[in-house]
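Student: Here the protein sequences come in this chain order: A and B. The first sequence begins at 320 in the numbering used here and counts up one residue at a time. The second sequence begins at 1052 in the numbering used here and counts up one residue at a time. C-beta atoms are modelled at their ideal positions from N, C-alpha and C, and glycine is treated no differently. Since this is a predicted model, take the numbers as computed values, not measurements.
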Amino acid sequence: MEVSLAVRGLRKAYADVVAVDGLDLEVRAGECFGLLGPNGAGKTTTIEICEGLLEPDAGSVEVLGLRWASDAAELRQRLGVQLQETQLAEKLTVEETLRLFRSFYRHGPPVAAVIGMVQLEEKRKARVGQLSGGQKQRLAMACALVGEPDLLFLDEPTTGLDPQARRQLWDLIERFKTAGRTIILTTHYMDEAERLCDRVAIIDHGKAIALGTPRELVAALGADHVVEFATEGDGLEAGALEGLAGVRAARAEDGFMRLQVAQLHVAVPALLDELARRGIGLTELRTHSATLEDVFVSLTGRHLRDGD
Amino acid sequence: MEIRWQERSLVQLTLVRFREFWREREAVFWVFVFPVLLAAGLGIAFRNRAPEVLKIGATGKELASALGQGKSLNVKLLDRGEGERELRTGAIVLLALARPEGGVIYRYDDTNPDGRTARLLAEQAIQRAAGVRVGVAESDDLVREPGSRYIDFLLPGLLGMNLMGSGMWSLGFSIVYARKMKLLKRLVASPMSRAEYLLSFLLARLTLMIAEVGALLGFGALVFGVPLRGPLWQLTLLCVVTALAFSALGLLVASRAQTIEAVSGLMNFIMMPMWVFSGVFFSANRFPAALQPFIQALPLTAAINALRANMLEGAGVSQYGGEMAILAAWIAVSFFAALKLFRWR
């Protein structure tokens, strides 16, 4: 299988913090690969090293079989990049911005076609400063696509967007996927990773702590469901619940008890019986199918959105 | 496939510079309108007036009529009290008092040039009236030629100041803004040529410079008749060299700054001494000799001296070779340092 990106033993430290700490990754041609992790996990540093914007302290990066040290000019022609915080020139129009970016690349679709791809036809003559957040993000995406890249890097493509704009952007990314492009994206939204990514690496403290398809990662929990409940008063120990039928793991947090559960129809009656036996009243009970968020919680004890 | 010229990246980058400048209306004002307004205002304020008739007072009819024979004096007959009051308030510059025993006393402020002039004119008039004749024949040959007026002196100064301001701002501000917005980072993640990016600023600067210089000089020449005595191509060359020197300085200032505040502060720090010392509004020679080596080494001083030499004296490049060398040195040193220090993120 053709490998689009191979990262080995990557390390990058800043003055006060190790951002990337011995990371290995392999992204195959044609897949959408996600780096999922909380803010500050080292995702952006990793992706910027892959984009040739940062120098690693140690480790090797091979992109499309090429290396930054020797093939930078060739690589820049073949990569599409969307950075997390870029604000494009506000005084230019959508069309002018894309014509500028188009002029940097040897080949690619005509500007009008790219505008069509990201559905900004009506905003063609509008100044960038007048676009909404979602439109700006679609324009940033268009700038990444204008050189017809073999590999597309998207850093937090939907951060800060409202739900509707996020869904629009997801549709867009899904269309590129079906066109067979290789995409590497970072996100701290587990729903985004689940929906878009063929494979996901969960990143925490600069290391990949889990790797697989979203389905595999969730399945590795050994629990398809999560039960969360609150009771009157405390006095309930997590350990006491781990023995219940169908419960894989239990953890108390923020006044809630979280149970990872293989079979809901077995575990919930067992839980209710146990609470009744102890005479503890239930104030809240909810269940959901296990997600990548639960995978992250079970691996780190923290939530993806912690510290947002 | 043949790439059309307007699809070339250097052309696109330069077009972006023009668009950003033109759409920033305030920048258009400061570059094109402000210098013309300033030249107009100062030109009118300091225009050469018809020789002024000085107002003086005199006590006594005989004295007043004797003084009134001089054409340059406007004599008022006053009593002593009124005369003293008008002298204090500046309504007259000199009060001639007839002495009872014969003769005249002049009351005036000898630190006021008008007072001293009035004193000389009054003396001449009275002596003439008394029948004194001068021994040497004299006649006047008046010179009121363009080239020696304040506006003539001012315009090259304003031109230099404008080339400094727009050169530094257009590079410094745009580049730091792009860096702050992470646009620079985005651009270097694309295959854009970094050299072309910087070159686009110079190309746009030189093009706008032609319009900017044209507007100010055209205004000066048409409205005030400011002379352009030197060869025009040499004046153009001088403006190009000056624009490059300040663009290089602007690039240097922008090479590291991360915020608009930082770059504005740096630019004012660098431009302020030149506004004061480089002889925009008055001759730089008025400053003490000890300061002169520093003042003469400033790029704006060199630019303005050379502009005045070209425009007012009609001097050739060889006559301001020293100034050209100073500007060339500023270009070389600033560009070299800027490229060494420059950060794309």
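#1: With DSSP as the reference, please indicate the residues paired to A:D343 in a beta bridge.
#2: Which residues in chain B sit within 9 Å of A:R395, going by Cβ to Cβ distance?
#3: Tell me the DSSP bridge mates of A:F423?
#4: Within 10 angstroms of the Cβ of B:M1260, are there 16 or more other Cβ atoms? Answer buried if so, exposed if not.
#5: Whole angstroms are fine: how far does the CA of A:H544 sit from the CA of A:L594?
#6: Starting from B:M1232, trace the beta strand (DSSP E) both ways and give me its first and last residue.
#7: Would you mind giving the Cβ-Cβ distance between B:F1270 and B:A1090, rounded to the nearest angstrom? I have them listed as a contact below 8 Å.
#8: Within this structure, are the beta carbons of B:L1145 and B:Y1157 separated by less than 8 Å?
#9: Quick check: the Cα distance between A:Q406 and B:V1067, rounded to an integer number of angstroms?
#10: Taking Cβ positions, are A:Q396 and B:P1350 nearer each other than 8 Å?
#11: Listing by chain order, which chain A residues have their CB less than 8 Å from the CB of B:V1067?
#12: Which chain B residues are close to A:E404, counting only those with a beta carbon under 8 Å from its beta carbon?
#13: Kindly say whether A:E370, judged by its beta-carbon, lies nearer than 8 Å to any beta-carbon of chain B.
#14: Considering only residues of the same chain and omitting the five flanking positions on each side of B:M1212, which have a CB-CB separation below 6 Å?
#15: Count the other CB atoms, across all protein chains shown, that sit within 10 Å of the CB of B:P1151; report buried if there are 16 or more and exposed otherwise.
#16: Are the CB atoms of A:L491 and A:Q401 nearer to each other than 8 Å?
#17: Hey, out of A:L354, A:L540, A:L583 and A:C516, whose CA is closest to A:L623's CA?
#18: Chain A partners of B:Q1063, CB-CB under 7 Å?
#19: Does the Cβ of A:G626 have 16 or more other Cβ atoms within 10 Å, making it buried, or fewer, making it exposed?
#20: Please give the ranges of any beta strand (DSSP E) in the segment 466-525 of chain A, keeping only runs that are unbroken, at least 3 residues long and fully inside the region.
#21: Report the rounded CA-to-CA distance for A:R425 versus B:L1279, giving the unit in angstroms.
#22: What would DSSP say about A:M576, mapped onto helix, strand or coil?
#23: Using the Cα positions of B:W1073 and A:L480, report the straight-line distance between them to the nearest angstrom.
#24: Buried or exposed, going by whether 16 or more other CB atoms sit within 10 Å of the CB of B:V1183?
#25: According to DSSP, is A:D627 part of a helix, a strand, or is it coil?
#26: Would B:S1060 count as contacting chain A if we go by Cβ distances under 8 Å?
#27: Quick one: what's B:N1356 bridged to in DSSP?
#28: Is A:V400 close to chain B? Criterion is C-beta to C-beta, closer than 8 Å.
#29: Closest to A:A562 by C-alpha separation, out of A:K526, A:P533, A:L590 and A:D573, would be which residue?
#30: Give the interface partners of A:A360 over in chain B, defined as CB-CB distance under 9 Å, in chain order.
#31: So what's A:R446 in DSSP terms, helix, strand or just coil?
#32: With 16 other CB atoms within 10 Å as the buried threshold, where does B:V1084 fall?
#33: When DSSP labels each residue in this structure, what does B:K1112 get in the three-state scheme?
#34: For the candidate residues A:A445, A:S617 and A:P428, whose alpha-carbon lies nearest to that of A:K410?
#35: Excluding five sequence neighbours on each side, which residues of the same chain lie with their C-beta closer than 8 Å to the C-beta of B:V1087?
#36: Shorter than 8 Å from the beta carbon of B:E1077 to some beta carbon of chain E?
Tutor: Reading from the atomic positions:
#1: Residue pairing from DSSP leaves A:D343 without any beta-bridge partner.
#2: Within chain B, the residues near A:R395 are V1239, A1240, S1241, P1242 and M1243.
#3: Looking at the DSSP output, A:F423 bridges to nothing.
#4: Under this definition B:M1260 is a buried residue.
#5: A:H544 has its alpha-carbon roughly 20 Å from the corresponding atom of A:L594.
#6: Taken as a continuous stretch (DSSP letters only), B:M1232 belongs to no beta strand (DSSP E), as it is neither H nor E.
#7: Distance from B:F1270 to B:A1090 at the Cβ level is roughly 6 Å; contact confirmed, criterion being Cβ atoms closer than 8 Å.
#8: Contact flag set, yes.
#9: Annotation: A:Q406 to B:V1067 spans about 15 Å, alpha carbon to alpha carbon.
#10: No, Cβ-Cβ distance for A:Q396 and B:P1350 is not below 8 Å.
#11: Residues of chain A passing the Cβ test: A408, L411, E415 and L419.
#12: Those are K1233, listed as they occur along chain B.
#13: Yes, contact with chain B.
#14: Only V1331 meet the Cβ criterion.
#15: When all chains shown are included, B:P1151 counts as exposed.
#16: It is not a contact, given that the beta carbons lie outside the stated cut-off.
#17: With respect to the C-alpha of A:L623, the residue from A:L354, A:L540, A:L583 and A:C516 having the closest C-alpha is A:L354.
#18: Neighbours of B:Q1063 on chain A, chain order: R418, L419 and S422.
#19: Note that A:G626 has pLDDT 46, beneath the 50 cutoff, so the model's placement of it is unreliable and the number below is only indicative. With fewer than 16 other CB atoms across the displayed protein chains lying within 10 angstroms of its CB, A:G626 is exposed.
#20: The segment 466-525 of chain A contains these whole beta strand (DSSP E) runs: 470-474, 501-506 and 518-523.
#21: Approximately 48 Å between the Cα atoms of the pair.
#22: Note: A:M576 maps to strand in three-state DSSP.
#23: Taking the straight line from one Cα to the other gives about 32 Å.
#24: By the neighbour-count rule (16 or more Cβ atoms within 10 Å), B:V1183 is not buried but exposed.
#25: Any reading at A:D627 must be qualified, since the residue scores a pLDDT of 43, below 50, and its modelled position is unreliable; no value is offered.
#26: Closer than 8 Å: yes.
#27: In DSSP, B:N1356 forms no bridge with anything.
#28: True, the Cβ-Cβ gap to chain B drops below 8 Å.
#29: A small correction: the amino acid at residue 562 of chain A is Gly; Ala does not occupy that position in the sequence shown. A check of alpha carbon separations from A:G562 across A:K526, A:P533, A:L590 and A:D573 identifies A:L590 as the nearest.
#30: Residues of chain B passing the Cβ test: none, with the nearest at roughly 20 Å.
#31: In the structure shown, A:R446 sits in a strand (DSSP, three-state: E or B).
#32: When all chains shown are included, B:V1084 counts as exposed.
#33: Residue state, collapsed to three classes: helix.
#34: Distance check between A:K410 and each of A:A445, A:S617 and A:P428 places A:A445 closest, using alpha-carbon atoms only.
#35: Excluding sequence neighbours, B:V1087 sits near A1266, L1267 and F1270.
#36: Protein chains A and B are contained in the structure displayed, whereas chain E is not.
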